[in-house]
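What follows is one structure encoded as structure tokens, with my remarks underneath.
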Amino acid sequence: MTAIPSVMCVHAHPDDEALFTGGILARTAEAGGRTSVVTCTWREGEVRVEELRRSLSVLGAGEPRLLGYTDNAFDGGVLFGTSPFDEAVGKVVAHIREFRPDVVVTYDAFGTYGHPDHIHAHRVTLAAFEASPFAQLFPEAGDPWQPSHLCQATIPRSAIEATWDILFGNSAPPPGPGIPGIPDEEVDLAIDVGQWYDKKWSAFAQHESEIARGGGATRIAKMSEEDRRDTLRTEWFLHRAHRGSRRLGEDPFLPR
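The numbers in this note's numbering rise by one with no breaks, and the one at position 221 of the sequence shown is 1568.
So this is what it looks like as structure tokens:
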């Protein structure tokens, strides 16, 4: 009897769940697997959380799991990027132990494109992944659980170069360590999620306030349908941690 691996994604902001992992979430849910999303910023009652709730409904990923931090210094809450590290780790550990996923997903060490909240989410999630099986750590967060795989959303440099003109005009991305993307040969998993593009885009489109605000979400929304489909049809990952029978580089989201 095959089992569908359960998947928990840890993202910094509403809309990241659709942009970086909407395909694998929709694919897993359609196959009958359990999925969930932890979002580090925003709080119940805010517009972006309601948009997140609609996005997760499209993807079949349940109700929002919120850490309750903010990404805006004027909101009166605790900024995620400066939140106490152990406190944030303990919150993610609690979600891991409650949901008990086979696969935990977050960003790569550069936060895919350098956003400080993404980088902090990467660090917090890695620490939580390692801590969750130890009963001695965060005992108040529930019974220990060891996820089998850790995947980190990333972007190959070739994909950055191919979409730079579309997103940022006709200037080529300059070389340097601050530019997103890793060497193509370092990508462990390139998953074609084209079959689930419509759900992925529908989920992303629920984030109306972020699209209206300007920035990256707006640029994606203004793409031609063909360019947007090409841009969003693949999700890339580093497969850096592994507990289980499937080897590194093999798709850990597939039934086993």
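We put the beta carbon where it would ideally sit given N, CA and C, even for glycine.
This structure is a prediction, so every number in the text was calculated from the model and none was measured.
Pairwise C-alpha distance: residue j and residue i
{"i": "Ile1513", "j": "Ile1567", "result": "9 Å"}
{"i": "Asp1418", "j": "Ala1509", "result": "30 Å"}
{"i": "Ile1502", "j": "Ile1371", "result": "15 Å"}
{"i": "Glu1391", "j": "Arg1400", "result": "10 Å"}
{"i": "Gly1596", "j": "Glu1555", "result": "35 Å"}
{"i": "Phe1446", "j": "Met1355", "result": "8 Å"}
{"i": "Val1357", "j": "His1589", "result": "17 Å"}
{"i": "Thr1382", "j": "Gln1499", "result": "16 Å"}
{"i": "Gly1562", "j": "Ile1538", "result": "26 Å"}
Rounded Cβ spacing between residue i and residue j (contact assumed at less than 8 Å)
{"i": "Leu1579", "j": "Tyr1544", "result": "6 Å"}
{"i": "Asp1464", "j": "Gly1428", "result": "5 Å"}
{"i": "Phe1485", "j": "Gly1437", "result": "5 Å"}
{"i": "Pro1530", "j": "Ile1507", "result": "Incorrect: roughly 11 Å between the Cβ atoms, too far for contact."}
{"i": "Tyr1416", "j": "Val1425", "result": "5 Å"}
{"i": "Ala1350", "j": "Arg1603", "result": "6 Å"}
Proximity of residue i and residue j at Cβ, strictly below 9 Å
{"i": "Ala1408", "j": "Lys1547", "result": "no"}
{"i": "Phe1457", "j": "Ile1466", "result": "yes"}
{"i": "Thr1375", "j": "Pro1352", "result": "yes"}
{"i": "Arg1587", "j": "Asp1535", "result": "yes"}
Residue i classed as buried or exposed, judged by whether at least 16 other C-beta atoms fall within 10 angstroms
{"i": "Phe1551", "result": "buried"}
{"i": "Gln1542", "result": "exposed"}
{"i": "Lys1569", "result": "exposed"}
{"i": "Glu1582", "result": "buried"}
{"i": "Phe1421", "result": "exposed"}
{"i": "Gln1483", "result": "exposed"}
{"i": "Val1450", "result": "buried"}
{"i": "Asp1362", "result": "buried"}
Cβ neighbours of residue i in the same chain (closer than 6 Å, five flanking residues each side left out)
{"i": "Leu1413", "result": "Thr1386"}
{"i": "His1360", "result": "Thr1388"}
{"i": "Ala1435", "result": "Val1471"}
Neighbourhood of residue i by C-beta distance below 8 Å, restricted to the same chain and skipping five residues each side
{"i": "Arg1444", "result": "Ser1479, Ala1488, Gly1489, Asp1490, Pro1491 and Trp1492"}
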